[in-house]
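Peer 1: First residue of the sequence shown: 1, per UniProt numbering; consecutive thereafter.
Dropping a structure here in structure tokens format, bear with me for questions.
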Amino acid sequence: MAPPDWLSPRRPPLALLTLVSCFLCACGSATPFPKDLEPISVVGWEHSYLYPSFQGLLQDNDTVRLGLDFQRMLRINHMLYIAARDHVFAVNLTTASEQFVPQLKLTWRSRDVSKCTVRGKNSDECYNYVKVLVPRNDETLFACGTNAFNPTCRNYKMNTLEQVGEELVGQARCPFESGQSNVGLFAGGDFYSATMTDFLASDAVIYRSLGEGRPVLRTVKYDSKWLREPHFLHAIDYGNYVYFFLSEIAVEYTALGKVVFSRVARVCKNDNGGSPRVLERYWTSFLKARLNCSVPGDSFFYFDVLQSLTNVLQINQRPAVVGVFTTQANSIPGSAVCAFYMDDIEKVFNGKFKEQRTSDSSWTPVPDEQVPRPR
């Protein structure tokens, strides 16, 4: 398998576009700018007291001073697991009344606070922010925390939140600090993660580990054509692949400085890495494509920055994902909801590649006869 290149869709996999905010400036007259859809219902903040709330441990001084710092929420049947700073809470959703009271709670504080502060970090950053909380199997939760800039992972019993086994090194599975993005999931017994692997957040990675019989694999280090300052949003196990949804600085569009594009990347679950001569211990199946969320017309209006994404759901009896997108940070503010059919995404990955032959040349499609087989 050749090193990954860029995929340019034969046709954008955009299936549905619904604007959720108005703009003062419309697109060109050739295509009218879509109007906002009327919401089914609107609830003002002043009515929020009517709904059950979760306030954590009010007797915890750090909670009063810093807030809860929710990092992850995971619902399994009637239980809601809440990963926060130094704690994981388990709430029974069937017994909630005015407040969600934790049915179970685990406290996981860092023992490396002094090392963290010596490295020049603020003491408020030197907690254990639980950034990974995923089911490993039907009985076990897998959790990872920043652990005062020393990422660490543990396994816990799902029904008691008691630790199972020894701690694991969290590097490449969990970020070093709470503000760094990450995603993770188990698929086929392997843990797939996407995060930063170093203290300085200079090495972004999509990583596979913890499996039996499969090699540990990762993306190539410090290569902007693989990943460039990514912000990881979501990961999905679908078919023979694991899909990663992210936004990153576009290397193929540099005329206006740093421009953010949203991407979908995928790796094959059966990937065994390359040979000692090429891509050893690296993915050979890694590909990525741009997610096109836009208003069509003579001049497209793009919502380039993915903010959130659903799991796979059904739209018109077809598997799809739905994402919230916004405009560039230095553009007029606006947002949109776009849906992408999974079979359209798969078609894109069988589409044309795009390449840059020299460092100062434009990105152009790769002729079909030059695409290696297998892809």
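By construction, the Cβ of each residue, glycine as well, lies at the ideal position given by its N, Cα and C atoms.
Does the stretch 114–122 come into contact with the stretch 130–144, if we say contact requires no fewer than three beta-carbon pairs (one atom in each stretch) closer than 8 Å?
Peer 2: Touching, no, given that fewer than three Cβ pairs across the two stretches are closer than 8 Å.
Peer 1: Compare the C-beta of GLU252 with all C-beta atoms of chain D and state if any pair is closer than 8 Å.
Peer 2: Of the protein chains in the structure, only one exists, and it is not chain D.
Peer 1: What residue from ASP203, ILE236, ARG281 has the CA that sits closest to ARG214's CA?
Peer 2: As a working note, residue 214 is residue 214 in the sequence shown. With distances taken between Cα atoms, ARG214 lies closest to ARG281.
Peer 1: My output table needs one value for TRP45: the three-state DSSP class, helix, strand or coil.
Peer 2: The residue given as residue 45 occupies position 45 in the sequence shown. Correct three-state label for TRP45: helix.
Peer 1: What are the boundary residues of the alpha helix (DSSP H) that GLY355 is part of?
Peer 2: Counting from 1 along the sequence shown, the entry for residue 355 is found at position 355. Note that residue 355 is Glu in the sequence shown here, rather than Gly. Note, GLU355: premise wrong, no alpha helix (DSSP H); beta strand (DSSP E) at 352–356.
Peer 1: Which residues bound the beta strand (DSSP E) around VAL118?
Peer 2: Here residue 118 corresponds to residue number 118 of the sequence shown, with the count starting at 1. Unbroken run through VAL118 is the alpha helix (DSSP H), 113–118; no beta strand (DSSP E).
Peer 1: Quick one: residues in its chain with C-beta nearer than 8 Å to the C-beta of GLU98, no 5 flanking neighbours on either side, listed in chain order?
Peer 2: Start at 1 with the first residue of the sequence shown, and residue 98 comes out as number 98. These residues qualify, in order along the chain: PRO52, SER53.
Peer 1: Just to confirm my understanding: we take GLY189, look at its own chain, exclude 5 residues before and 5 after, and list those with CB closer than 7 Å. What are they?
Peer 2: Along the sequence shown, read from residue 1 onward, the residue named residue 189 stands at position 189. Once the five neighbours on either side are set aside, the close Cβ partners of GLY189 are GLY211, GLU212.
Peer 1: By the 10 Å Cβ neighbour count, where 16 or more other Cβ atoms means buried, how is ARG173 classified, buried or exposed?
Peer 2: Position 173 of the sequence shown, counted from the first residue, corresponds to residue 173. Buried: at least 16 other Cβ atoms inside 10 Å.
Peer 1: Suppose contacts are defined by Cβ-Cβ distances below 8 Å. Is PHE232 in contact with ASN182 by that definition?
Peer 2: As a position in the sequence shown, residue 232 is number 232, starting the count at 1. As a position in the sequence shown, residue 182 is number 182, starting the count at 1. In this structure, ASN182 lies closer than 8 Å to PHE232 by Cβ.
Peer 1: In this structure, does DSSP put ILE345 in helix, strand or coil?
Peer 2: Working through the sequence shown from its first residue, we reach residue 345 at position 345. The answer is helix: DSSP assigns ILE345 an H, G or I state.
Peer 1: Among ALA204, LYS105, LYS35, VAL164, whose alpha-carbon lies nearest the alpha-carbon of PRO175?
Peer 2: Working through the sequence shown from its first residue, we reach residue 175 at position 175. Out of ALA204, LYS105, LYS35, VAL164, ALA204 has the C-alpha closest to the C-alpha of PRO175.
Peer 1: From the DSSP output, in three-state form, read off GLU212 for me.
Peer 2: The residue given as residue 212 occupies position 212 in the sequence shown. Reduced to three states, the DSSP call for GLU212 is coil.
Peer 1: To the nearest angstrom, report how far apart ALA84 and TRP108 are at their CA atoms.
Peer 2: Here the question's residue 84 lines up with position 84 in the sequence shown. Here the question's residue 108 lines up with position 108 in the sequence shown. Cα to Cα, the separation comes out at about 10 Å.
Peer 1: Comparing C-alpha positions only, which one of TYR127, GLY44, GLY67 sits nearest to GLN55?
Peer 2: As a position in the sequence shown, residue 55 is number 55, starting the count at 1. Comparing Cα-Cα distances from GLN55 to each of TYR127, GLY44, GLY67, the minimum goes to GLY67.
Peer 1: Would you mind reading off the limits of the beta strand (DSSP E) that contains CYS144?
Peer 2: Numbered from its first residue, the sequence shown carries residue 144 at position 144. CYS144 -> beta strand (DSSP E) spans 140–145.
Peer 1: Would you check if there are 3 or more beta carbon pairs closer than 8 Å linking the stretch 272–290 to the stretch 219–236?
Peer 2: Flag = yes, the stretch 272–290 and the stretch 219–236 touch.
Peer 1: Taking the beta carbon of VAL20 as the centre, do at least 16 other beta carbons fall within 10 Å, making it buried, or is it exposed?
Peer 2: Sequence index remark: in the sequence shown, residue 20 carries index 20 (1-based). In this prediction, VAL20 has a pLDDT of 32, which is less than 50 and means its spatial position is unreliable; what the coordinates show is noted afterwards. Under this definition VAL20 is an exposed residue.
Peer 1: Per DSSP, GLU248 forms a beta bridge with which residues?
Peer 2: Here residue 248 is taken as the residue at index 248 of the sequence shown, counted from 1. DSSP, once it has assigned bridges, lists PHE261 as partnering GLU248.
Peer 1: Apply the 10 Å Cβ neighbour rule to PRO39 and answer buried if 16 or more other Cβ atoms are within range, or exposed otherwise.
Peer 2: Taking the sequence shown and counting its residues from 1, one reaches residue 39 at position 39. The residue is exposed, with fewer than 16 neighbouring Cβ atoms inside 10 Å.
Peer 1: Just how far apart, CA to CA, sit GLU166 and LEU291?
Peer 2: Residue 166 sits at position 166 when you count from the first residue of the sequence shown. Residue 291 sits at position 291 when you count from the first residue of the sequence shown. One C-alpha to the other measures close to 40 Å.
Peer 1: Do you know how far the Cα of PHE89 is from the Cα of ALA148?
Peer 2: Position 148 of the sequence shown, counted from the start, is the residue given in the question as residue 148. Position 89 of the sequence shown, counted from the start, is the residue given in the question as residue 89. Spanning the two alpha carbons is a distance of roughly 20 Å.
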